[in-house]
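S.K.: In full-length UniProt numbering, the protein residues as written are 1 to 309. Yeah, the Cβ is synthetic: ideal placement off N, Cα and C, and Gly gets one too. If you're wondering where the values come from, they're calculated on a predicted model, not measured in any experiment. Right, I'll just put the structure down here and ask away after.
Below is the structure:
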């Protein structure tokens, strides 16, 4: 029965808080038990106001045991860097809690010396300034991360993936997938270096062979295989596979596969510092020129525009 202490600073993001508590609530509902317990804490306790003006009542920091500590800070985390909070975070880490930070909370974790063993995922807009202040080793250009001792999220919807990773860590993958399915969310695979999207869990309900085919496509985005090989691995004739895709997804298998690769490429363009030529290779395109044509055809503009936006 994991217990989570959710530490807030003034002007915390309510979206991130919801993306922590809602998946945990659904996990409890699915197990028909109080599997997860949590409370809200702050340095002084009392009411705190989120960045969107919603008030949350918090308890003052104490030393009650917890399995997980999650820090949600504001757009200006430097205002929350203070001795009592830093000392409390260090103490909790020494007690063996799984320590987590969301978005700007990574800066506070760095100040507390909690990122020496594992870097924190940081929003791409803050990555450069954080690295200039603390060094490159403490921050990672990725959406989220979950390990035995640390977890982190770059903020926004990636916090949902981080929470699913926590549910998987303590309660198993099956429950994490079920929570994502109930909340109609398509989770991101935190085990791969590119954090690729997992298969939409609803596909298996449409057709098991369809879901297997899409799983193969996602597993081979960097080195695409032929549709004939996919059909052979799934164990159906190629014409049957084509019929399944056209019926359920209104696309040919080849078009769906190509769009998956382009969606992954767009994610990397927008959320990584990789060169576009590297991204084209990672997403299975033979050369940057063919990637550029496919990207423009799919999205109506060059990849460089998404890198600038």
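Since residue 7 and residue 70 should fall inside the 8 Å C-beta cutoff, what is the C-beta to C-beta distance between them, to a whole number of angstroms?
M.R.: 7 Å
S.K.: Just mark residue 54 as buried or exposed, buried being the case when its beta carbon has 16 or more other beta carbons within 10 Å.
M.R.: exposed
S.K.: Just to confirm before moving on: does the CB-CB distance between residue 68 and residue 4 stay below 8 Å?
M.R.: yes
S.K.: Excluding five sequence neighbours on each side, which residues of the same chain lie with their C-beta closer than 8 Å to the C-beta of residue 283?
M.R.: 221, 222, 261, 262, 264, 265, 268 and 291
S.K.: Just the C-alpha distance for residue 139 and residue 150, rounded to the nearest angstrom, thanks.
M.R.: Between the C-alpha atoms of residue 139 and residue 150 there is a straight-line separation of about 13 Å.
S.K.: Below 8 Å, can you find three or more Cβ-Cβ pairs linking the segment 157 to 170 to the segment 17 to 30?
M.R.: yes
S.K.: Would you call the segment 102 to 119 and the segment 32 to 49 in contact, with 3 or more CB pairs under 8 Å?
M.R.: no
S.K.: To which residues does DSSP link residue 56 through a beta bridge?
M.R.: 48.
S.K.: Which one of 51, 242 and 45 has the shortest CA to CA distance from residue 13?
M.R.: Selected option, being the one with the closest Cα: 51.
S.K.: Strictly under 8 Å for the Cβ-Cβ distance: is residue 23 near chain C by that measure?
M.R.: As a matter of chain content, chain C is missing from the structure shown, which is built from one protein chain.
S.K.: Determine, using beta carbons only, whether residue 272 and residue 161 come nearer to each other than 8 Å.
M.R.: no
S.K.: Return the first residue and the last residue of the beta strand (DSSP E) that residue 42 is part of.
M.R.: 37 to 42
S.K.: Counting C-beta neighbours from all protein chains within 10 Å, is the total for residue 1 16 or more, i.e. buried, or is it exposed?
M.R.: exposed
S.K.: Span of the alpha helix (DSSP H) holding residue 99?
M.R.: Where residue 99 is concerned, there is no enclosing alpha helix (DSSP H), although the beta strand (DSSP E) it sits in stretches over 98 to 102.
S.K.: Cβ of residue 100 within 8 Å of Cβ of residue 16?
M.R.: In this structure, residue 16 does not lie closer than 8 Å to residue 100 by Cβ.
S.K.: Taking only the alpha-carbon atoms, compute the straight-line gap between residue 74 and residue 163 and give it to the nearest angstrom.
M.R.: 19 Å
S.K.: Return the residue from the list 46, 303 and 36 that minimises the CA-CA distance to residue 275.
M.R.: 303
S.K.: Could you check what DSSP says for residue 29 in three-state terms: helix, strand or coil?
M.R.: helix
S.K.: Any idea what DSSP makes of residue 74, helix, strand or coil?
M.R.: Here residue 74 sits in coil by DSSP.
S.K.: Can you give me the C-alpha to C-alpha distance between residue 120 and residue 102, rounded to a whole angstrom?
M.R.: 9 Å
S.K.: Which of helix, strand or coil does DSSP assign to residue 195?
M.R.: Because the pLDDT of residue 195 is 44, which lies under 50, any placement of that residue in the model is unreliable, and the question is left without a value.
S.K.: By the three-class DSSP mapping on this structure, what secondary structure does residue 152 have?
M.R.: strand
S.K.: Assuming contact is defined by CB atoms lying nearer than 8 Å, are residue 11 and residue 58 in contact in what I supplied?
M.R.: no
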